[in-house]
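Residue numbers (the numbering used here), protein chains in the order written: chain B, 19 to 322; chain A, 19 to 322; chain V, 19 to 322; chain P, 19 to 322. The structure under discussion appears below in the form of structure tokens.
4 protein chains.
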Amino acid sequence: MPDFQKSIDSIYKEVLESPDSSTVASYIPELASVESSKFGIHLIDTNQHNYAAGNSGEKFSVQSISKVLTLSMALGLIGEKIWRRVDVEPSGDPFNHLSLLEQENGIPRNPLINAGAIVIADILVTELENPKEDFLTYVRNLADDTSISYDEKVALSEKGTGFKNYAAANLLKSYGNLRNDVEDVLDFYFHQCSLSMSCKQLCDTFYLFMNRGRCKRDIGYLDINQIKRINALMLTCGFYDEAGEFAFEVGLPGKSGVGGGIVALLPNEFCVATWSPGLNKKGNSARGMQALERLTTMTELSIF
Amino acid sequence: MPDFQKSIDSIYKEVLESPDSSTVASYIPELASVESSKFGIHLIDTNQHNYAAGNSGEKFSVQSISKVLTLSMALGLIGEKIWRRVDVEPSGDPFNHLSLLEQENGIPRNPLINAGAIVIADILVTELENPKEDFLTYVRNLADDTSISYDEKVALSEKGTGFKNYAAANLLKSYGNLRNDVEDVLDFYFHQCSLSMSCKQLCDTFYLFMNRGRCKRDIGYLDINQIKRINALMLTCGFYDEAGEFAFEVGLPGKSGVGGGIVALLPNEFCVATWSPGLNKKGNSARGMQALERLTTMTELSIF
Amino acid sequence: MPDFQKSIDSIYKEVLESPDSSTVASYIPELASVESSKFGIHLIDTNQHNYAAGNSGEKFSVQSISKVLTLSMALGLIGEKIWRRVDVEPSGDPFNHLSLLEQENGIPRNPLINAGAIVIADILVTELENPKEDFLTYVRNLADDTSISYDEKVALSEKGTGFKNYAAANLLKSYGNLRNDVEDVLDFYFHQCSLSMSCKQLCDTFYLFMNRGRCKRDIGYLDINQIKRINALMLTCGFYDEAGEFAFEVGLPGKSGVGGGIVALLPNEFCVATWSPGLNKKGNSARGMQALERLTTMTELSIF
Amino acid sequence: MPDFQKSIDSIYKEVLESPDSSTVASYIPELASVESSKFGIHLIDTNQHNYAAGNSGEKFSVQSISKVLTLSMALGLIGEKIWRRVDVEPSGDPFNHLSLLEQENGIPRNPLINAGAIVIADILVTELENPKEDFLTYVRNLADDTSISYDEKVALSEKGTGFKNYAAANLLKSYGNLRNDVEDVLDFYFHQCSLSMSCKQLCDTFYLFMNRGRCKRDIGYLDINQIKRINALMLTCGFYDEAGEFAFEVGLPGKSGVGGGIVALLPNEFCVATWSPGLNKKGNSARGMQALERLTTMTELSIF
């Protein structure tokens with residue numbers, strides 16, 4: 019095993035010194051006000067040793083990263099039936115395009131694009147008694163951390179501006195692939211996206227995807243087959259239309275969010291999260307990608 | 019001039035005797051209950067002589083035919099500025115597809131597809147003090163007939179099932195091409211579509227498009243240039259992805275609606291409307307198209 | 019009837035004085051060398067009176083205008099069977115796109131886009147003993163003018179650079195919608211496009227489309243139904259993705275070519291051709307469109 | 019390390035006993051004649067121990083599997099400059115669609131779809147003195163096996179029917195992304211696809227992708243970074259529009275061909291190849307996918 023703390027310190031220094039041409043997401047007004055100079059990184063290994071640098075303990079909006087967690091919960095609840103309503107192939111399209119959805123009669127390409135995540139949200143709204151509360155409890159249990167919560171301001175902000183998500187939900191509804199009311203599903207969806215977590219908390223939560231389905235407290239949530247599926251989806255679909263680039267540059271399954279977070283993992287080895295609000299043109303955290311590329315190159319640890 | 023009444027009687031007989039494999043529109047529940055055997059035809063010439071057969075005086079839901087009337091009203095109100103927000107080219111796509119809208123950054127292909135008509139509705143909601151009342155008054159004035167009105171049941175029925183229109187409106191909103199609230203615009207849109215009119219009333223209303231912009235009472239509403247534009251749009255875009263077929267088979271500018279109505283006109287000669295609720299695969303009235311094809315073939319009167 | 023010579027003289031003057039931001043087509047090397055300042059217009063009425071101005075007698079490459087003539091010849095040879103291999107709807111896409119062809123399994127949208135015209139060329143290669151000679155004879159007979167001929171240099175130039183047409187032909191072949199060898203069909207196609215004709219000769223040739231299927235010498239070539247179909251196709255599909263704009267601005271069925279020619283007609287009234295090599299962004303002659311718009315506005319003669 | 023021979027024997031038995039609804043590829047006539055009941059599997063581990071069952075020594079047409087080898091050779095020759103002419107993202111589309119190519123102005127989505135592989139072929143035709151001979155020598159050297167060769171009959175058969183590839187090459191040419199003559203590039207391309215190899219030979223050849231760029235004879239061909247890129251591409255793009263499914267079911271970087279072969283590898287562990295001519299609906303070997311899924315499930319060895 020490499021000296022992770024040394025790697026992380028070196029990456030932290032290197033990234034902060036490199037020039038930055040990224041932009042903070044502005045389409046959700048509440049996100050636009052985040053300080054763009056923030057940068058944090060946290061890594062947890064299989065022995066639950068922790069390594070960190072920068073703003074790794076500061077909370078931010080996880081946004082699309084939450085799609086892995088709702089998928090995970092839904093898979094635990096209803097199992098393989100999920101795949102009747104959402105496919106598992108990369109989309110080859112930016113994250114918000116509806117064209118494919120139309121061409122394919124309302125079956126989203128995968129559960130990590132918006133339309134697919136809205137279908138997963140619909141499943142949870144159907145299956146859970148108190149969807150928002152129950153999902154929050156699920157995430158808190160995974161991370162063993164009750165301080166994780168929604169950011170109502172962000173949820174509200176997205177509700178007022180999330181017209182593309184309303185378009186997607188209504189289109190799904192028109193194809194019969196949304197069982198609940200559009201408003202109910204999107205209320206849940208905007209809340210899941212508003213989850214506020216730090217790099218450390220993301221590592222704690224995603225620990226089970228690196229640990230064959232067992233969380234930090236060694237409780238089993240998913241079987242190895244389900245974990246394999248989720249990791250495969252993160253690798254092929256986790257970075258919008260930059261999935262191929264991330265697979266090469268970093269070589270780890272992972273997921274990004276427009277809040278500037280990225281979480282990635284090497285099965286049976288470690289889980290790592292970064293946060294830097296500045297996004298590249300494809301909507302992924304620029305410094306986060308740079309840091310993770312340095313990490314896997316430096317340590318020579320990747321799935322490839 | 020041919021003997022229109024003779025032609026119409028002969029067409030009426032012929033159409034009723036021909037086999038019928040059409041289907042009544044079912045996606046708007048209120049429309050599904052219409053009796054499929056109804057068939058009416060009405061023609062008015064430049065001397066305001068009227069010729070009719072069958073259920074030509076019975077009211078039905080005009081649906082998409084109303085798009086020509088909102089376009090006409092909006093063009094009268096704000097003029098050529100309309101074309102900054104909606105294009106004038108045929109779409110080559112079925113009437114409800116959103117793909118093109120995405121590819122072209124929120125500018126609908128033309129004002130006669132749903133997305134384009136929703137933009138026109140948005141313009142009227144902005145420009146009119148009491149949009150629904152004012153538009154109804156406009157139509158009644160064109161036709162010189164105060165018995166024309168909305169069918170609230172149909173409007174409500176579409177509101178509860180019009181998910182693709184909600185998708186289109188939200189997508190337009192996401193591109194900044196909808197100024198008012200989605201709900202307000204669609205409330206207006208569902209009402210305009212619910213206009214209940216007979217074949218005769220459609221002829222009275224569309225008289226001005228055949229008469230260089232002057233209505234039956236000889237009041238000028240649009241100039242010849244605007245009328246030319248609207249007639250050109252009807253010809254190239256009035257029949258979803260069957261516009262080319264209609265241009266050939268019938269050879270008249272016209273517009274259809276899923277309620278089973280079609281209105282068409284030969285500039286400076288006549289205006290004709292048909293109603294038969296059974297639709298062909300492309301969503302146009304099967305018997306209406308047949309009747310109009312017979313009319314222009316029999317009379318050798320078309321624009322070509 | 020208006021004083022056509024006066025209108026044409028006035029338009030000629032006006033057009034030459036207006037600013038010009040057009041570009042001569044450069045993708046066929048032989049066309050790039052044409053003098054961009056050329057401008058001609060010719061009109062023939064039903065009494066076969068001729069009106070002209072500018073370079074109306076100078077020959078140029080008719081290019082896509084020839085698609086109407088091959089369609090006309092093929093329709094005369096095998097009739098309605100044509101429509102099994104090519105559709106009649108506007109494409110809503112620029113003239114050289116293959117995407118639609120793929121989506122629609124090798125059936126081109128209409129016979130006036132490149133893929134559709136290549137299918138028509140394939141039909142003629144099958145039906146004619148000496149395709150190039152026989153088609154040339156057909157055109158000469160229509161125009162009653164044996165001086166019309168191919169420009170071998172232009173045909174050769176396009177053969178060496180027409181990769182998109184090779185792509186289209188091979189794609190058609192892969193779908194089984196090309197019966198002859200790609201090389202044979204394209205050799206014919208590049209020749210038909212290389213037809214060299216003046217504005218006057220275009221008017222003489224297209225006379226039958228304005229005259230219900232009878233050419234200048236009063237010989238019938240097509241029945242009224244076939245003429246209606248061709249005129250409808252010119253109106254809805256004759257100007258690439260500017261068909262809607264042309265329908266409105268000019269209001270006549272017509273066809274343009276990248277050589278800078280346009281021919282248009284008002285059924286039973288007149289046929290008109292213009293030539294100016296500078297193209298607008300959509301690939302249609304800029305001054306030609308301007309001249310025709312002026313003509314129909316000035317004379318108040320259009321189909322709408 | 020698991021007992022690979024035991025696993026393979028068990029899989030061999032299981033696969034042969036399971037029902038089979040696959041079809042042998044028929045679009046290349048020469049491939050249609052292969053006996054559909056053939057099935058072979060071969061595995062080589064990092065100690066160069068070999069494990070095999072069935073027709074693992076019988077040669078078949080590798081077809082698209084060759085795309086990884088031409089990519090590898092081109093990357094060795096001109097390095098990262100490759101990525102100016104071909105992208106690295108999954109296509110989300112069947113393997114032969116040209117639509118994306120048009121939308122993206124002639125830059126293929128990745129080097130493992132046909133259009134991308136044709137660009138790579140073009141690079142090799144430019145860079146190599148005797149392209150076909152030099153590439154064959156390269157493959158023979160990788161595998162340390164001079165018995166590998168082209169199947170001229172297959173190459174010729176594809177040349178006579180490969181219209182979609184001709185369409186793709188011409189489209190690339192029209193965008194300036196093909197430097198050599200279409201015929202020269204496709205002659206090379208059809209030959210690379212016609213490579214005739216056994217499962218054993220595929221394992222020998224692909225050994226370097228599992229062994230950080232060093233072939234069986236421990237000669238370095240590519241650096242670890244280039245190997246990572248190629249493995250990432252195989253994982254995200256190696257199975258047409260079934261890449262996501264393969265990533266999950268099997269969890270290994272790999273590549274399939276319509277000849278019924280699949281090769282896959284676990285970095286630093288093993289390389290495995292299967293052959294069974296029957297294809298599933300997405301064009302991948304049905305029994306090959308089944309066998310590899312069993313292998314990684316049984317041994318619990320995958321990248322996830």
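Even glycine gets a Cβ: it sits at the ideal position worked out from N, Cα and C.
- At a cut-off of 9 Å between C-beta atoms, B/Phe288 does not count as an interface residue with respect to chain A.
- In this structure, B/Gly306 lies near B/Ser274, with their beta-carbon atoms less than 9 Å apart.
- Contact between the region 261–269 of chain V and the region 23–41 of chain V is absent: fewer than three C-beta pairs spanning the two stretches fall below 8 Å.
- Contact between P/Lys191 and V/Phe181 is confirmed by a C-beta separation of about 4 Å, below the 8 Å threshold.
- One finds Glu120 in chain V with Cβ atoms closer than 7 Å to the Cβ of P/His115, taken in chain order.
- If you ignore the 5 residues before and after V/Arg312, its C-beta comes within less than 7 Å of the C-beta of Ile29 and Glu32, all in its own chain and listed in chain order.
- When DSSP assignments are scanned along the region 45–130 of chain B, the uninterrupted stretches of beta strand (DSSP E) that are 3 or more residues long and fall wholly within it turn out to be 58–63 and 68–72.
- For the region 253–276 of chain V, the residues whose beta carbon sits under 8 Å from a beta carbon of chain A are, in order, Leu253, Thr254, Cys255, Asp259, Glu260, Ala261, Gly262, Glu263, Ala265, Phe266, Gly269 and Pro271.
- Taking the Cβ atoms as the reference, P/Tyr168 lies roughly 15 Å from P/Leu146, outside the contact range of under 8 Å.
- By the CB criterion at 9 Å, P/Gln244 and P/Leu142 fall outside the cutoff.
- Note: A/Phe288 is bridge-paired with A/Asp63 and A/Leu284 in the DSSP secondary-structure output.
- Uninterrupted beta strand (DSSP E) stretches at least 3 residues long and entirely within the region 208–238 of chain P occur at 213–215, given in chain order.
- Listed by position along chain A, the residues whose Cβ is nearer than 7 Å to that of B/Lys191 are Phe181.
- Leaving aside the five residues that flank A/Gln23 on each side, the residues in its chain whose CB is nearer than 7 Å to its CB run, in chain order, Tyr69.
- The shortest C-alpha to C-alpha distance from A/Thr254 to any of V/Gly238, V/Pro271, V/Lys56 and V/Tyr239 is the one to V/Pro271.
- Contact annotation: A/Leu130 and A/Lys85 have beta-carbon atoms nearer than 9 Å.
- Among the residues of chain B, none has a CB under 7 Å from the CB of A/Tyr207; the nearest is roughly 14 Å distant.
- Taking V/Ala282 as the centre and dropping the five residues before and after it, the same chain places the C-beta of Val268, Leu270, Pro271, Gly272, Val290 and Leu310 closer than 7 Å to its C-beta, in chain order.
- Taking the beta carbon of V/Asn132 as reference, no residue of chain P falls within 7 Å; the closest one sits roughly 12 Å away.
- Under a criterion of Cβ atoms nearer than 9 Å, no residue of chain V is adjacent to P/Asn198; the nearest Cβ is some 13 Å distant.
- When secondary structure is reduced to three states using DSSP, A/Thr41 falls in the strand class.
- A/Leu297 is bridged by DSSP to A/Thr41 and A/Ser303.
- Minimum Cα-Cα distance from V/Glu170 among the listed residues V/Ala43, V/Asp21 and V/Glu48 corresponds to V/Glu48.
- Residue state for A/Gly272 is assigned as strand, using DSSP reduced to three classes.
- Neighbours of P/Ala185 in chain V, taken as residues whose beta carbon is under 7 Å from its own, are Ala185, Asn188, Leu189 and Ser192 in chain order.
- Of P/Ala139, P/Arg103 and P/Met91, the smallest CA-CA separation from P/Glu122 is found for P/Arg103.
- Taken in chain order, the complete beta strand (DSSP E) segments of 3 residues or longer contained in the region 132–217 of chain V are 213–215.
- No Cβ of chain V is located within less than 9 Å of the beta carbon of A/Phe224.
- Collapsing the DSSP output to three states places A/Gly256 in coil.
- Neighbours of A/Lys246 in chain V, taken as residues at a C-beta separation under 7 Å, are given in chain order as Phe266, Gly269, Ser320 and Phe322.
- Boundaries of the alpha helix (DSSP H) harbouring A/Ile26: Phe22 to Glu35, taken from the DSSP string.
- Sequence-ordered contacts of the region 126–158 of chain A with chain V read Arg127 and Asn128 [C-beta pairs closer than 8 Å].
- The three-state reading of DSSP puts V/Gly279 in strand, counting E and B together.
- The beta carbon of A/Asp105 sits closer than 9 Å to some beta carbon of chain V.
- Here A/His67 is exposed, its C-beta having fewer than 16 other C-beta atoms within 10 Å.
- By the rule that beta-carbons nearer than 9 Å mark a contact, P/Pro20 does not touch chain B.
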